[in-house]
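Chains G and P, in that order, give the protein sequences.
First residue of the first sequence? That's 1385 in this note's numbering, and the numbers climb one at a time after it.
First residue of the second sequence? That's 145 in this note's numbering, and the numbers climb one at a time after it.
Using N, Cα and C, we set each Cβ at its ideal position, and we do this for glycine too.
Here the structure is a predicted model, which means the values were calculated and not measured.
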Amino acid sequence: RTVAPAAPAPDRICRPHQLYVSFRDVGWHDWIIAPRGFMANYCRGSCPFPLATQLNSVNHAILQSLMHSVAPAQTPLPCCIPVRLSPISVLFYDNGDNVVLRHYEDMVVDECGCR
Amino acid sequence: QPGPLSPQAVALLRALGLSEPPAPRQPRPVPPLLWRLFRKSQEKLAAAKETQEPQGPEQQAQPCRVEELGVPGNIVRLVPDRGKLRNQGKLLSGSRAGGGADSPQARGPPRHRLNPSRPVTRPPRAPCLPFPPGGSVQFEEPALAPLCVEKPLFFNLSALAPQEQPTLVRLELACARGAPGPGWELSLSLAPGPQLWGWQAHWHHRQLLLTQPLLPGQDTIHLDLLDLGLVGPSALPRNLSLVLEILAGGGGDGNGTEAACTSLGRSLEASLLVVTLHPQQCRPLARRR
Chain G
1385 RTVAPAAPAP DRICRPHQLY VSFRDVGWHD WIIAPRGFMA NYCRGSCPFP LATQLNSVNH
1445 AILQSLMHSV APAQTPLPCC IPVRLSPISV LFYDNGDNVV LRHYEDMVVD ECGCR
Chain P
145 QPGPLSPQAV ALLRALGLSE PPAPRQPRPV PPLLWRLFRK SQEKLAAAKE TQEPQGPEQQ
205 AQPCRVEELG VPGNIVRLVP DRGKLRNQGK LLSGSRAGGG ADSPQARGPP RHRLNPSRPV
265 TRPPRAPCLP FPPGGSVQFE EPALAPLCVE KPLFFNLSAL APQEQPTLVR LELACARGAP
325 GPGWELSLSL APGPQLWGWQ AHWHHRQLLL TQPLLPGQDT IHLDLLDLGL VGPSALPRNL
385 SLVLEILAGG GGDGNGTEAA CTSLGRSLEA SLLVVTLHPQ QCRPLARRR
């Protein structure tokens, strides 16, 4: 028989963490016109069994967390990764003094999940 | 941290499609069109976040499409004109009137000043008149439309990456109040790059692309160069050299026409709106299961 480990503290559960980067802080404000910064959110936290069922997980992650609870040495926990992302648009001057509006897909992490 | 580029900064710039941080020499005012497009994109992103419900493909903003311009693309650039105005609105004899690019007028001798008091008439389109049998016809030197503005346009497109596919290349011209009267024309020719720029080379190597009337009050003119076949759907040239001419119409007195030319020449501004699609950064819209 094995005893299920105690549930981790809530702030250790897989979830998005917000991080705002100001272009002025990194010295790019003279060539980036807008926006003033961007969200460099990231996913961090664990996907333990049985919590994985609530963490926006797909089925194999739930099974993997179950197997980890039974044989932790053989089966690692599922990973906490971005599952929903948003694009951003940046308006800036390029090296040719052109004004450029550029659209970047999948830039901002909105949701995290176990996979 | 400001200062020498950290590996992280280099990686982020590369993710943004840039090799190094640009260093604008004299930042220009932000063009209203691009600012409007940026604001629209921010509103769309905020609206998409607010709903947060899964949307059907119809409701989702196309990932790489510029709705306002109606073309696919994820990079919109406004390239300023770097050409210098050659004659500041001075009246000169016309060059091309009545003939195509290969007509003798287009390749004719350098321009000479036309007496503005002489009425402007258009030569017949066929330069050779039928001879009456047994008679003789006196040729009259054809009076050409006076050239009002001649402006070389030069666009530096070296900032575009080779993989970028142009979906819109639009020449945007802005001038004060358009033509002062009827009969004014605008013509656009392809000229060689600046390395061949010289008076004679200029005239002999240009290729007429289009001629269209310049209407009174028409202060903005948009010419789609993709439609003209000037540039193809594959990668753009690194430089684009054009020659813009405005030919004065009839019906005005010499001084009025000259003043109009001067004002047109001074107020004329050109820029190139280029929309491109970077295939590696734009994935097709994934259908939701």
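Open item on the list: DSSP has SER1473/G in a bridge; who is on the other side?
Closed with: As a first step, residue 1473/G is located in the first sequence; it is residue number 89 there, counting from the start. Paired residues: HIS1487/G.
TODO: Please compile the residues from chain P whose C-beta is within a distance smaller than 7 Å of the C-beta of ALA1418/G.
DONE: What you label residue 1418/G is simply residue 34 of the first sequence in a count that begins at 1. Residues of chain P passing the Cβ test: PHE182.
Open item on the list: Less than 7 Å between C-beta atoms, sequence neighbours within five positions excluded: which residues of the same chain meet that for CYS1427/G?
Closed with: Indexing the first sequence from 1 puts residue 1427/G at position 43. Here the set comprises CYS1398, PRO1400, CYS1464, ILE1465, PRO1466, VAL1493, CYS1496.
Open item on the list: Against chain P, with Cβ distances strictly below 9 Å, would ILE1465/G count as a contact?
Closed with: On the first sequence, position 81 is the one that residue 1465/G refers to. For ILE1465/G, the nearest beta carbon of chain P is not closer than 9 Å to its own beta carbon.
Open item on the list: Let me confirm a value: ASP225/P is counted as buried when at least 16 other C-beta atoms fall within 10 Å, else exposed. Which label applies?
Closed with: As a first step, residue 225/P must be located in the second sequence, where it is residue number 81. Burial call: buried.
Open item on the list: My output table needs one value for LEU258/P: the three-state DSSP class, helix, strand or coil.
Closed with: Here the question's residue 258/P lines up with position 114 in the second sequence. Low confidence applies here, because LEU258/P scores a pLDDT of 35, under 50, leaving its location unreliable; read the following figure in that light. Of the three classes helix, strand and coil, the one that applies to LEU258/P here is coil, per DSSP.
- [ ] Determine, using beta carbons only, whether SER411/P and PRO296/P come nearer to each other than 9 Å.
- [x] Here residue 411/P refers to the residue found at position 267 when the second sequence is read from its first residue. Here residue 296/P refers to the residue found at position 152 when the second sequence is read from its first residue. Not a contact, by the Cβ cut-off of 9 Å.
TODO: Return the chain-ordered list of same chain residues with a C-beta closer than 7 Å to the C-beta of ARG1396/G, the five sequence neighbours on each side being excluded.
DONE: The residue given as residue 1396/G occupies position 12 in the first sequence. The beta carbon of ARG1396/G lies closer than 7 Å to those of GLY1429, SER1430 in the same chain, with the five residues before and after it left out.
Task: Three CB pairs or more closer than 8 Å across the segment 1470-1485 of chain G and the segment 208-225 of chain P - done: yes
- [ ] Using the Cα positions of ALA320/P and LEU380/P, report the straight-line distance between them to the nearest angstrom.
- [x] In the second sequence, the residue the question calls residue 320/P occupies position 176. In the second sequence, the residue the question calls residue 380/P occupies position 236. In a straight line, the C-alpha of ALA320/P is about 30 Å away from that of LEU380/P.
Open item on the list: If the criterion is Cβ atoms closer than 9 Å, does the pair ASP1490/G and SER1470/G meet it?
Closed with: Here the question's residue 1490/G lines up with position 106 in the first sequence. Here the question's residue 1470/G lines up with position 86 in the first sequence. In this structure, SER1470/G lies closer than 9 Å to ASP1490/G by Cβ.
Task: Option in GLU194/P, GLU308/P, VAL293/P with minimal Cα separation from GLY393/P - done: The count along the second sequence starts at 1 and reaches residue 393/P at position 249. Here the closest residue by C-alpha is VAL293/P.
Open item on the list: Quick check: the Cα distance between ARG1499/G and ASP368/P, rounded to an integer number of angstroms?
Closed with: In the first sequence, residue 1499/G corresponds to position 115, counting from 1. In the second sequence, residue 368/P corresponds to position 224, counting from 1. So the two alpha carbons sit approximately 48 Å from each other.
Open item on the list: Using a Cβ-Cβ distance cut-off of 9 Å, determine whether PRO326/P contacts chain G.
Closed with: Within the second sequence, numbered from 1, the residue matching residue 326/P stands at position 182. Not one chain G Cβ lies under 9 Å of PRO326/P.
Open item on the list: If you reduce the DSSP assignment to three classes, tell me which class PRO1456/G lands in.
Closed with: In the first sequence, residue 1456/G corresponds to position 72, counting from 1. In the structure shown, PRO1456/G sits in coil (DSSP, three-state: anything other than H, G, I, E or B).
Task: Residues that DSSP places opposite ARG314/P in a beta bridge - done: Here residue 314/P refers to the residue found at position 170 of the second sequence. Answer is ASP368/P, LEU417/P, bridged to ARG314/P.
Task: For VAL281/P, the three-state DSSP class (helix, strand or coil) - done: Counting from 1 along the second sequence, the entry for residue 281/P is found at position 137. Its pLDDT being 44, under 50, VAL281/P is placed unreliably by the model, and the measurement read from it follows with that caveat. The answer is coil: DSSP assigns VAL281/P none of H, G, I, E or B.
Open item on the list: DSSP three-state label for ARG1420/G, please.
Closed with: Here residue 1420/G corresponds to residue number 36 of the first sequence, with the count starting at 1. It is coil, neither helix nor strand.
Open item on the list: Strictly below 7 Å CB to CB, what residues from chain G border PRO165/P?
Closed with: On the second sequence, residue 165/P is found 21 positions in, with the first residue counted as 1. TRP1412, TRP1415, listed in chain order.
Open item on the list: Within 9 Å of any Cβ in chain G, is that where the Cβ of GLN186/P sits?
Closed with: Residue mapping note: residue 186/P aligns to position 42 of the second sequence, counting from 1. Interface residue, yes.
Task: Span separating the alpha-carbon of SER1449/G from that of ASN1443/G - done: By one-based count along the first sequence, residue 1449/G stands at place 65. By one-based count along the first sequence, residue 1443/G stands at place 59. Those two C-alpha atoms are separated by around 10 Å.
Open item on the list: With a threshold of 8 Å on Cβ separation, who are the neighbours of GLN1438/G within its own chain once the five nearest residues in sequence on each side are excluded?
Closed with: On the first sequence, residue 1438/G is found 54 positions in, with the first residue counted as 1. Within the same chain, GLN1438/G has no close Cβ partners at all.
Open item on the list: Less than 9 Å between CB atoms is the rule here; does GLY1421/G satisfy it with respect to chain P?
Closed with: What you label residue 1421/G is simply residue 37 of the first sequence in a count that begins at 1. Taking Cβ atoms only, chain P never reaches closer than 9 Å to GLY1421/G, which makes this a no.
Task: Residues that SER333/P contacts on chain G, provided the C-beta gap is smaller than 8 Å - done: Here residue 333/P refers to the residue found at position 189 of the second sequence. In chain order: nothing, as chain G lies at least about 24 Å away.
- [ ] Pick helix, strand or coil for GLU187/P, following the three-state DSSP scheme.
- [x] Translated into positions along the second sequence, residue 187/P becomes position 43. Reduced to three states, the DSSP call for GLU187/P is helix.
Task: Straight-line Cα distance separating GLN351/P from LEU388/P - done: What you label residue 388/P is simply residue 244 of the second sequence in a count that begins at 1. What you label residue 351/P is simply residue 207 of the second sequence in a count that begins at 1. Roughly 12 Å between the two C-alpha positions.
Task: According to DSSP, residues forming a beta bridge with PHE298/P - done: Residue numbering aside, residue 298/P sits at position 154 when the second sequence is read from its first letter. For PHE298/P, which the question treats as bridged, DSSP gives the partners SER385/P.
TODO: Using 10 angstroms around the beta-carbon of THR195/P, count the other beta-carbons present and answer buried if the total reaches 16, otherwise exposed.
DONE: To locate residue 195/P, count along the second sequence from 1; it is residue 51. By the 10 Å Cβ count, THR195/P comes out exposed.
TODO: For the segment 1425-1443 of chain G, enumerate the residues whose C-beta is nearer than 8 Å to any C-beta of chain P, in chain order.
DONE: none
- [ ] Go ahead and pull the three-state DSSP assignment for ASP1395/G.
- [x] Taking the first residue of the first sequence as position 1, residue 1395/G is located at position 11. In this structure, ASP1395/G counts as helix in the three-state DSSP scheme.
Task: LEU1447/G at chain P interface by Cβ criterion, 9 Å - done: If you number the first sequence from 1, residue 1447/G lands on position 63. So, not an interface residue.
- [ ] Would you kindly report the start and end of the unbroken alpha helix (DSSP H) that includes GLN356/P?
- [x] If you number the second sequence from 1, residue 356/P lands on position 212. Per DSSP, GLN356/P belongs to no alpha helix (DSSP H); it is in the beta strand (DSSP E), 351-357.
Task: Check whether LEU315/P and ALA414/P have beta carbons under 9 Å apart - done: In the second sequence, residue 315/P corresponds to position 171, counting from 1. In the second sequence, residue 414/P corresponds to position 270, counting from 1. Contact flag set, yes.
- [ ] May I ask you to list, following chain order, the residues of the segment 288-305 of chain P that have a beta carbon less than 7 Å from some beta carbon of chain G?
- [x] Within the segment 288-305 of chain P, the qualifying residues are ASN300, SER302, ALA303.
- [ ] Taking PHE1407/G as the query, report the chain P residues whose CB atoms sit under 9 Å from its CB, ordered along the chain.
- [x] As a working mapping, residue 1407/G is identified with position 23 in the first sequence. Residues of chain P passing the Cβ test: none, with the nearest at roughly 10 Å.
- [ ] Drop a sphere of 10 angstroms on the beta-carbon of LEU304/P, count the other beta-carbons inside from all chains shown, and report buried for 16 or more, exposed for fewer.
- [x] Walking along the second sequence from the start, residue 304/P turns up at place 160. With 16 or more other Cβ atoms within 10 Å, it is buried.
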